[in-house]
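Asker: This structure is in structure tokens; I'll ask about it shortly.
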Amino acid sequence: AVHGGYRTALERGFVGAKVPLGLKRKRLRVVVTGGAGFVGSHLVDRLIERGDSVIVVDNFFTGRKENLVHHFGDPNFELIRHDVVEPLLLEVDQIYHLACPASPVHYKFNPVKTIISFSQLLLRFALVLSVHKTNVVGTLNMLGLAKRVGARFLLTSTSEVYGDPLQHPQTETYWGNVNPIGVRSCYDEGKRTAETLTMDYHRGAQVEVRIARIFNTYGPRMCIDDGRVVSNFVAQALRKEALTVYGDGKQTRSFQFVSDLVEGLIKLMEGEHVGPFNLGNPGEFTMLELAKVVQDTIDPDAKIEFRPNTADDPHKRKPDITRAKELLGWEPKISLREGLPLMVSDFRKRIFGDHSEVDL
Ligand code: NAD
Ligand code: UDP
Ligand code: UDP
């Protein structure tokens, strides 16, 4: 997939895009890697809406064409099936680098403690390798691309870089408490390496970079069976199954609705600050409290079933978003009780088979 031959929108000085407040601005050519995924597809919606030209690069590992089907045929939208582990030539102004296999259900469980078949073991290893390669080689390639064309590069890192944090809430200055050899370290350490590469290209090659540390995010189009807690609980409650609470359910997370995140990512990309910036909702819930919200929203009779927890599970997590508030003028607007119903209607349609409505 080589897209050479045209000058970037900035050089062309293209004006006249649709923007809020009717202001004229240059139409940018923007790449979103991982744009067929949950967060990426919502970001693409917003970029197209404001009049940018968007190229999605995705290998459909966990993403789906359905998430983008409403843009097919739009001359400002292009979808390239490509693995970012392979080099890629494009001429663009901005790169949102989201591509990353995010499927904790596969890499979090410990094969020593769980009896699994040889083929399951091979599958898990393939996934772990893919996480490594995408985070390291994929990020390197996208930074190489940014360097060559002078594009601004935004990395979607994660709150997992804080590991099982010894500081609470977590500020961006905290260096984290990560097990480098654990079952989830392919993801945590992979993202830490991606952050390192990003800062090295910034310092060494003057690439304009931005780093977001994203905290747990939920919303429509989340993968139904990816094993994350919100998607599990919502799917379980809709299917009249028990909600599976791991461990004692007293561990905490802070859940952000996807539209808040997308707004934060765009503000970060457009702003003047490199970061890293925590992007998350400071509302903190234990898994038992989350289960209660899901019961209240979907089915008050839903049962709870306790299961053993996965290894190295962080005990608590909550973003300190002072930096994003002050420097980006951003803070989340949608609480868990407001956001959850918006996700439930999407899950209901997908689980119970009404694929005709794509009105997200
Ligand atoms: P997702 O799995 O829905 O999206 C990731 C996308 O990347 C998918 O479309 C997948 O097919 C694609 N992809 C994976 N490997 C690729 C490769 N090698 N080449 C090209 N495409 C590839 O996940 P998401 O929740 O939308 O996450 C988006 C980003 O945000 C990821 O980088 C993730 O680590 C980060 N993040 C998400 C959360 C969250 O709660 N959702 C939290 C922290 C960080
Ligand atoms: N790269 C890419 N697209 C580009 C430019 C570079 O995919 O437009 C890849 C390139 O293949 C290399 C990586 O990005 O693997 C890093 O590129 P850089 O130029 O920084 O390093 P070098 O190629 O000198 O190792
Ligand atoms: N969890 C749970 N039940 C599930 C899935 C996850 O209780 O069905 C717990 C998990 O042990 C963790 C928390 O929910 O403590 C968040 O897990 P998730 O995989 O969603 O996100 P992460 O651990 O990456 O923050």
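In the UniProt record's numbering, the protein residues as written are 87 to 446. For glycine and all other residues, C-beta sits at the position ideal for the given N, C-alpha and C.
Quick one: does the C-beta of arginine 434 sit closer than 7 Å to a heavy atom of ligand 3?
Answerer: No, the Cβ of arginine 434 stays beyond 7 Å of every heavy atom of ligand 3.
Asker: Report the residue from Arg210, Gly439, Met308 whose alpha carbon sits nearest the alpha carbon of alanine 122.
Answerer: Out of Arg210, Gly439, Met308, Met308 has the C-alpha closest to the C-alpha of alanine 122.
Asker: Just to confirm, are phenylalanine 371 and phenylalanine 341 a CB contact at a threshold of 8 Å?
Answerer: Contact flag set, yes.
Asker: Give every residue of the same chain whose Cβ lies closer than 7 Å to the Cβ of proline 427, excluding the five residues on either side of it in the sequence, and list them in chain order.
Answerer: Counting only Cβ-Cβ distances below 7 Å, and skipping sequence neighbours, we find Thr383.
Asker: Looking at the secondary structure, which residues open and close the alpha helix (DSSP H) in which histidine 168 lies?
Answerer: No alpha helix (DSSP H) holds histidine 168; DSSP gives it neither H nor E.
Asker: Under 7 Å from any heavy atom of ligand 2, does the C-beta of histidine 145 make it?
Answerer: The residue asked about is misnamed: residue 145 is asparagine in this sequence, not histidine. Answer for asparagine 145: no, Cβ out of range of ligand 2.
Asker: Could you tell me if leucine 229 is buried or exposed, where buried requires 16 or more neighbouring beta carbons within 10 angstroms of its beta carbon?
Answerer: Leucine 229 should be labelled buried.
Asker: Any heavy atom of ligand 3 inside 7 Å of the beta-carbon of glycine 305?
Answerer: For ligand 3, not one heavy atom lies less than 7 Å from the Cβ of glycine 305.
Asker: Just to check my reading of the structure: glutamate 164 and isoleucine 141 have Cβ atoms closer than 8 Å, yes? What is that Cβ distance to the nearest angstrom?
Answerer: 5 Å between Cβ atoms; contact.
Asker: Report the start-end ranges of each alpha helix (DSSP H) in the stretch 266-321 that is 4 residues or longer and not cut off at the edges.
Answerer: The stretch 266-321 contains these whole alpha helix (DSSP H) runs: 271-291.
Asker: Can you pull every residue whose C-beta falls closer than 6 Å to some heavy atom of ligand 2, listed in chain order?
Answerer: This criterion selects Pro173, Leu174, Leu175, Leu226, Asn227, Gly230, Leu231, Lys233, Arg234.
Asker: According to DSSP, is leucine 241 part of a helix, a strand, or is it coil?
Answerer: It is a strand residue.
Asker: How long is the line joining the alpha carbons of lysine 435 and glycine 357, rounded to whole angstroms?
Answerer: Going from the Cα of lysine 435 to the Cα of glycine 357 covers about 37 Å.
Asker: What number of angstroms, rounded off, separates the C-alpha of threonine 119 from the C-alpha of aspartate 144?
Answerer: One C-alpha to the other measures close to 6 Å.
Asker: Ligand 5 and cysteine 272: does the residue's C-beta get closer than 7 Å to at least one heavy atom of that ligand?
Answerer: The model depicted lacks ligand 5 and carries ligand 1, ligand 2 and ligand 3 instead.
Asker: Between Asp387, Gly236, Asp274, which lies nearest to threonine 242 when the distance is taken from Cα to Cα?
Answerer: Looking at the Cα atoms, Asp274 is the closest of the given residues.
Asker: Let me know the secondary structure DSSP gives phenylalanine 438 once reduced to three states.
Answerer: Phenylalanine 438: coil per DSSP, three-state reduction.
Asker: Can you list, in chain order, the residues of its chain whose CB lies under 6 Å from that of valine 316, leaving out five sequence neighbours each side?
Answerer: For valine 316, where only same-chain residues beyond five positions count, the Cβ hits under 6 Å are Tyr304.
Asker: Which of helix, strand or coil does DSSP assign to aspartate 346?
Answerer: Aspartate 346: helix per DSSP, three-state reduction.
Asker: Rounded to whole angstroms, what's the CA-CA distance from valine 198 to threonine 279? Just pull it up for me.
Answerer: Caution applies to valine 198, whose pLDDT of 48 falls short of 50 and renders its modelled position unreliable; the value that the coordinates give is listed next. Their backbone Cα atoms lie some 26 Å apart in a straight line.
Asker: What span of residues does the beta strand (DSSP E) with isoleucine 181 cover, start to end?
Answerer: Run containing isoleucine 181: 180-183, per the beta strand (DSSP E) assignment.
Asker: State yes or no: is the C-beta of asparagine 364 nearer than 7 Å to some heavy atom of ligand 1?
Answerer: It does not: the Cβ of asparagine 364 is nowhere closer than 7 Å to a heavy atom of ligand 1.
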